[in-house]
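To keep things clear, I will list the structure first and then write my remarks on it.
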Amino acid sequence: MFRRPGLVRRATPYAAIAAVLAIALATGASSLVVFPLFAIVVLSVALFDDRPQLFAVGAASALAILVISVAQLGPTSNLATAVFEVTVLGVVGASVQEVVRHAREAEGSAEKKVGELESIDHRLRLTLEAATIGLGVAMADGRWVEVNQRLAAMLGRSREDVMQAGLLDVMADTDRGIVGDALGKLARREIVRWESEVEQSARDGRRIPVALALAAISDSGSSEPLILVQEADISARKRLDAMRDTVVAVRQVIVTANSWDQAAPALLASLCTHLDWDAAQYWTVEGDRHALKLRSSWHTEASNVDGLDDPARNLSIEAGGGLVGRVWQSGVAAAMDDLAANDFEQASAERRAGLRAAVAFPVVSAGATIGLVELLARGVKHTENDLLSMLSTTGVEIGQFIQRAETEQALRRSEADHRAIYEHSPIGIARVTSEGELLEGNRALLHMLEHDLDAMRSQAWPDLLRAYDQAAGRARLAPLLAGITDQRSVQVRAATGGGRWLWLQLTATSIPDATGRPEHVLVMVEDVTTVRETQDRLAEALDSQRSANATLEKLDRTKTEFLSIVSHEFRTALTGIQGFSELIRDGGLEADEVRAYGGYIFNDADRVNRLIGDMLDLDRMESGRMSIRVTDVDINEVMSDVMTRAGSSSAVVVEFKADLDPRLPIVAGDRDRLVQVLSNLVNNAVKYSPDGGTVTLSTRAEGAFALMSVTDTGLGIPPDEIGHVFERFRRVRSGAAQSIPGTGLGLTIVKQIVEMHGGKIWVESAVGHGSAFHFTIPLAKEHATPLQRRHA
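Have a look at this one:
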């Protein structure tokens, strides 16, 4: 009533004040009497957020009160009362307006909050509805607070039905308990999240597998949290998993079974178990393809459908009759989700057994339907097209298995017709499975190997089979069980039961089944001992002759190389001796020149002497005529002496370094021969090192042995030559090394001496980085440490 627009709203208070003033003046009423009327006017203005208007109306009311007081010409106390009334009127008006202003601000803030909450609620609802999974909020006891349409659609219910039912009410009986326990733990805040795969019941009774996640929503204002419910329909995934497992199980049965009668129980059980059906029947086409007859059946123990099979065995279903008859006629898998809507004879028997749904698929062989498999369920089923497609493929595989099993049986029967051929053949004949098991062996084979059939199977035949495969491998032929088709022969050596050894020629041929795959292997065995022994003697004689020829050729090459090296070394030394001798003989030389030339002659003569000594030493070593005199030897002292002599006589300037272990014990060896070994190694290191190179000699203890090493920074040895450096007359003939003189006997002698001491020698080298020769010599027993003696 106070929200009057424009001038009317503004003028009304003044008109009211004027009216009250006129009445007071006309009636002579005191200001105290009319004060409530003025207060009402001021308060009515204060309810509007208009401060100037309030001040103006308040001033007018105060003036009117003062006018009334003056008009009455009362005592001074009346005037004071009027002033008090004016003051009260102003304070009340201002206070009321302030209260109204704050109330309106609070109202605006509340309206804003409500708008924000409504916006958030709207967005939340949009989010719930836009989710691709089922979402909802529930109380701790499972009562729904909110659910989205997706969750309701998953259950085939309206949102209102779901809200009324509650979370636990839509759970399958088997899962209701565990979900209730989870809600209890979430309510008690023992856990904050719970996930599992469970089943829920749709409106039509179907069980829907879902991935269920429950999470507690924190709410400080409530003793029990709200529960966020997330559900994802995993029916498609479960269905795909079940179909995949079914295919694997069916194939496993097919692979391991030999006949349909053997495979039927396991195969029908696999279909029901993995696809969640209660019973299965196999109908076969009989009577010149005029009718279907029940051949095999299976059902779960819990299904209680024992009364189904007996009536079914008495049925003879024609093409087009009932579900299996229609599938037989069309050759296409089909389903019947509600048997109650059908009145054919077979459906009546199935309904009496408590079955509600069925699916059938053809078993196909060579393009023709030879039978049908029918799956039956007590509950509601909605059969998808992908399941029908998988079952159709399975029907083809089952048909192929049945055809193969029947073919194998026919082949096994035909084997009896050929038994006389096996028994009366003049050569040994064996028939073997594709796994290598001996099926049959004729009399000629058993007589040849002097075994009965049991002994052949348990021992002789496996040995013969291994011998065949080994011989075939050497000849690069296929193993016996690899599917032989070329009828090649393999000769093997085998022992008879009487202990004689025979050479047998085995010729194997694979016998395929109707599909072209090997069913068994036919092996013909001939005794070729006489022929083979003659061939072997000839081959041995030929090999012996070839070996002798190779040895002679090697000796001839060695002799030629030896003569070449020795003649070169002798010729070089004798040329020097002869030349310098002629210079001295001719005279006219200074004394220093004579001494120098004499030194050259001495060096060349010493070179010839060493060459002769090396050849004699090598001959004595190889003939066993050389012995060593074992004494205690300080190997560090020997190393130092050899290094000193090599440094003073070397034509190549190298730096010698010593890394000798001062704690190295005494070794047991022939000092002169060890000097010979080290001198040879050091001279080689110097000879193959460039000017300015480094030769390092080192020693250390290694268990019960002393390890000596001579390392240089010379030319190095190519990788393909390292394995031959200790062979006689073997020298590196590549690069700069081929111009360095030598006989190739030094390292051969070194190796012989080291091995005569009971040690080992080896080399490490890299081209361009030098070589390191290492050898070991036993420590003297009395100088070895306890640990060294223990490992000596």
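So for the sequence shown, the working numbering puts the first residue at 367; every next one is plus one.
Glycine is no exception: its CB is placed at the ideal position from the N, C-alpha and C atoms.
Endpoints, beta strand (DSSP E) assigned at residue i
i	result
R569	Here R569 belongs to no beta strand (DSSP E), and DSSP marks it neither H nor E.
M890	P884 to D893
F1022	V1020 to D1025
H656	Taken as a continuous stretch (DSSP letters only), H656 belongs to no beta strand (DSSP E), as it is neither H nor E.
T650	A645 to E652
T997	T997 to V999
S1131	I1127 to A1132
E740	A734 to A743
E597	L592 to D599
V798	G794 to T799
V503	G500 to A504
DSSP three-state assignment for residue i, whether helix, strand or coil
i	result
F968	helix
D704	coil
A1070	coil
V411	helix
T881	coil
T1079	coil
E526	helix
D539	helix
P379	helix
R961	helix
F1139	strand
L831	helix
L721	coil
L1111	coil
G691	helix
V730	strand
Rounded separation between residue i and residue j - CA only
i	j	result
A699	L637	15 angstroms
E806	A905	36 angstroms
R842	S696	53 angstroms
R605	L754	12 angstroms
D835	D829	10 angstroms
R341	R809	There is no way to answer for residue 341, as the model of the chain reaches only from 367 to 1158.
V1019	L940	27 angstroms
N1046	D1025	19 angstroms
V528	W510	8 angstroms
D416	K478	23 angstroms
N975	F968	10 angstroms
A1138	I1032	23 angstroms
L1040	A861	56 angstroms
A382	A428	13 angstroms
A568	L521	4 angstroms
H1090	P1084	11 angstroms
E526	G532	10 angstroms
I593	M702	40 angstroms
S780	P631	28 angstroms
Q647	V889	44 angstroms
V1129	I1143	16 angstroms
8 angstroms contact criterion, which residue i and residue j should meet: CB distance rounded
i	j	result
V739	A726	7 angstroms
A838	P845	6 angstroms
T1065	M1005	6 angstroms
D1078	G1058	With 8 angstroms as the limit, D1078 and G1058 do not qualify as a contact, their Cβ atoms being about 12 angstroms apart.
L742	L721	5 angstroms
H1140	S1055	About 18 angstroms; that fails the 8 angstroms criterion.
V744	D644	One detail in the question is off: residue 744 reads as Arg in this sequence, not Val. With 8 angstroms as the limit, R744 and D644 qualify as a contact, their Cβ atoms being about 5 angstroms apart.
Spatial neighbours of residue i in its chain, beta-carbon cut-off 6 angstroms, leaving aside the 5 residues before and after
i	result
G761	F727, P728, V729 and V730
Span of the alpha helix (DSSP H), counted from its first residue to its last, around residue i
i	result
R1037	R1037 to K1053
G864	First-last for G864: undefined, no H or E at that position.
Q515	Q515 to M520
D752	N751 to E781
A632	W626 to L641
L815	R809 to L815
D1086	P1085 to I1088
Sequence-distant residues of the same chain with beta carbon closer than 7 angstroms to residue i, five excluded per side
i	result
V433	L387
G1013	F1022
V856	Y834, A837, A838, A841, L843 and L872
A635	W664
Closer than 8 angstroms: residue i CB and nearest the ligand HEM heavy atom
i	result
A519	Ligands displayed in this structure: none; no statement on the ligand HEM is therefore possible.
Chain-order list of residues whose beta-carbon lies under 8 angstroms from that of residue i (same chain, five-residue window excluded)
i	result
R516	E495, A497, T498, I499, G500 and L501
H1135	T1079 and G1082
G571	G745 and V746
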